[in-house]
Amino acid sequence: MSAVPATWRPRWLTVVGVLAVVTTAFTVWLGLWVTPPDVVQGNLARLLYVHPAVATVALYWAGGVACAGSLLYLWPRTRSFFWDRLAASAVEVGAVFSALTLVTGSLWGRPVWGVWWTWDARLTSTALLLLLEIGYLALRRVPADPHIRARRCAVAALLVAIDVPIVHFSVDWWNTLHQGGTILDPGFELHVHGSMLWTMLLSFVAFSLIFVWLLAVRYRIEVLEDAVGDQELEVSLAERWSEDTELVGAGSGTGGSTPGGSAP
Amino acid sequence: MWHDAVLVAGKDLRIEARSRVALWQVVPFAVLVLVLLAFAIGPDQTALKHAAPGIFWVALLFSTVLAIQRSVAVESGEGTRDGLRLSGMDPAGVFLGKAAAVGLQLLALQVVLWAGVTFLFDVRVQVVWLAATACLLATVGLACAGVLYGALSAGLRVRDTLLPLLVLPVLAPVLLAGSKVWQAALSGSVSGGTQWLKILVPFAVIYLVVGVVLYGPLQEAA
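Chains as they are written, first to last, in the numbering used here: chain A, 29 to 292; chain B, 666 to 887.
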């Protein structure tokens, strides 16, 4: 079996990876040592530098890329496996970030609300988003013709995307325990100030870079998986052909025909 | 489109009328879920009355999955889906027809479930129009979302295990809003119920529109 062909591995991916590490390191330093504890919540407020950024990536970046990629795949003029793979990668990375959103929210909720979990509109809709993403990934794993799988997954991703605005507006539509907008309220009034604001904004940059890096790496794995799948198919076909040729050879050697002597 | 919808709905309902799978399998299953959930809660009549709306909607949701699987299964015969696709029917019409057939079966099922919770849990709906409106709106949403996901899983060998995983999280808002409306209808609080109808309306409209638009691409992928 020949080696997997060299695939897309651009230089900018390394740059984004390095930038993600640097900005994350800065966020950790600012978040743990430079910024002061909150007046009310004390050190718990430091989760502010993780949870909103992770949730933003899970909901808007991953949701947006998955939705756009699926639409562009379904649109006949822009139909390409690039969009299919990008959307699938976005959903998978998005599922990881959705799970992280629930975990970090739960860690914060236990000391502040007194419970690990509460049936609040935003928590429930985020949990549903994770379940929908897991459903999409299960659908993605089902073997099928690549075109059929891509079309099916594109529709499934668009159906998952219906939950994204519900999660976003849940804090406005229902009277939830979860607070409203973290940095800005609907009147665009700032809630966070000073070094805490800058650290928080840096955390958004850091997690967005991590998202881009993970998305690109996952995309690359999709390409490699498809290449390996194609190669395995070719090898299996070649083996089958050689078996048949041997049978034909053996059959003609004894002077009679065999049932396996015909071409597959 | 409407003509095609009527044809497809008529076909599916005729198959159901002849095979009686819905009558002999889906309806008994729904009643079984009612009884099993009552076992889980215990014989405390107050607790059962309190849980009755949730039990009704959980039973309906699980039965919806069976109804959808049945709706997909009638097209799974050799070349049936291809035949439907090559018939030249409008995909939107096919979607509406299949959703209407599932919806009518779900409505009949809800009559049985309503009678079941009244008889088994001794509950009486105070505001009948409120509970009935929730059932009607939920039926549209459940049927449309269900048929759409049914088409998504059609033709897959793992269809039976994959469909519940895909569709139950999607139907969860119906369970939530339907239970709340029924709680309000049981206690006689109209305002508390109408507030939750606001979730059932967009749910039904969104899946109806999305189904009409996306059923075509899905039919080609099946």
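By construction, the Cβ of each residue, glycine as well, lies at the ideal position given by its N, Cα and C atoms.
Taking the C-alpha atoms as reference points, what is the distance between V870 of chain B and R750 of chain B? 25 Å
Using a cut-off of 7 Å between C-beta atoms, extract the partners of L761 of chain B located in chain A. None at all; the shortest Cβ gap to chain A is about 17 Å.
Whose CA, out of A:L58, A:A234, A:L265, lies closest to the CA of V82 of chain A? A:A234
What did DSSP end up calling F216 of chain A once you bin it into helix, strand or coil? Note that F216 of chain A scores 49 on pLDDT, short of 50, meaning its location in the model is unreliable and no value can be drawn from it.
Reference P80 of chain A; option with closest CA among A:L230, A:L252, A:L243: A:L230
Just checking: is the beta-carbon of L821 of chain B within a distance shorter than 9 Å of some beta-carbon in chain A? yes
Would you kindly work out how many angstroms separate the C-alpha atoms of V782 of chain B and A799 of chain B, rounded to a whole number? 16 Å
I'd like to know whether the C-beta atoms of D755 of chain B and D677 of chain B end up nearer to each other than 9 Å. no
Nearest-angstrom beta carbon gap, L75 of chain A and L135 of chain A [assumed within contact, 8 Å]: 7 Å
Candidates B:V823, B:E740, B:Q791, of which the one nearest K763 of chain B by Cα: B:E740
So, using beta-carbon positions, are L114 of chain A and Y247 of chain A closer together than 9 Å? yes
Rounded to the nearest angstrom, what separates P718 of chain B and S818 of chain B at their Cα positions? 30 Å
Let me know the secondary structure DSSP gives G59 of chain A once reduced to three states. helix
Where does D709 of chain B sit, in a helix, a strand or coil, going by DSSP? coil
Pairwise C-alpha distance: S98 of chain A and A837 of chain B: 24 Å
Contact list for I871 of chain B against chain A, beta-carbon separation under 8 Å: I190
For V67 of chain A, count neighbouring Cβ atoms within 10 angstroms of its own Cβ and tell me buried if that reaches 16, exposed if not. exposed
For chain B, find out if any of its Cβ atoms is closer than 9 Å to the Cβ of A90 of chain A; answer yes or no. no
Under 9 Å between the Cβ atoms of L725 of chain B and L672 of chain B? no
E885 of chain B versus chain A: which residues are under 8 Å apart at the beta carbon? R179
Given 8 Å as the limit, is there contact between the stretch 812-829 of chain B and the stretch 143-153 of chain A, that is, 3 or more CB pairs closer than that? no
Kindly indicate the opening and closing residues of the alpha helix (DSSP H) around I176 of chain A. 174-189
Using DSSP bridges, identify the partner residues of D66 of chain A. A:G70
Reduced DSSP secondary structure (H/G/I, E/B, other) of S844 of chain B: helix
Using DSSP with H/G/I as helix, E/B as strand and the rest coil, what is T804 of chain B? helix
Go ahead and pull the three-state DSSP assignment for G277 of chain A. helix
Look up L821 of chain B in the DSSP assignment and say whether it is helix, strand or coil. coil
Check whether chain B comes within 9 Å of V183 of chain A, counting only Cβ atoms and requiring the distance to be less than that. yes
For K714 of chain B and V788 of chain B, the rounded distance between their alpha carbons: 6 Å
Counting contacts by CB-CB distance shorter than 9 Å, is S818 of chain B in contact with chain A? yes
So what's G857 of chain B in DSSP terms, helix, strand or just coil? helix
Within the 9 Å Cβ cut-off, does V767 of chain B reach chain A? no
Buried versus exposed, by CB contacts within 10 Å (16 or more), G284 of chain A: In this prediction, G284 of chain A has a pLDDT of 45, which is less than 50 and means its spatial position is unreliable; what the coordinates show is noted afterwards. Looking at its Cβ environment, which holds fewer than 16 other Cβ atoms inside 10 Å, G284 of chain A is exposed.
Please decide whether D249 of chain A counts as near chain B, where near means a Cβ-Cβ distance under 9 Å. Position check: residue 249 of chain A holds Ile in this sequence, whereas Asp was assumed. Not closer than 9 Å to any Cβ of chain B, the Cβ of I249 of chain A fails to qualify, so no.
Closer than 9 Å to chain B by CB, T154 of chain A: no
For V730 of chain B and chain A, any beta-carbon pair shorter than 9 Å? no
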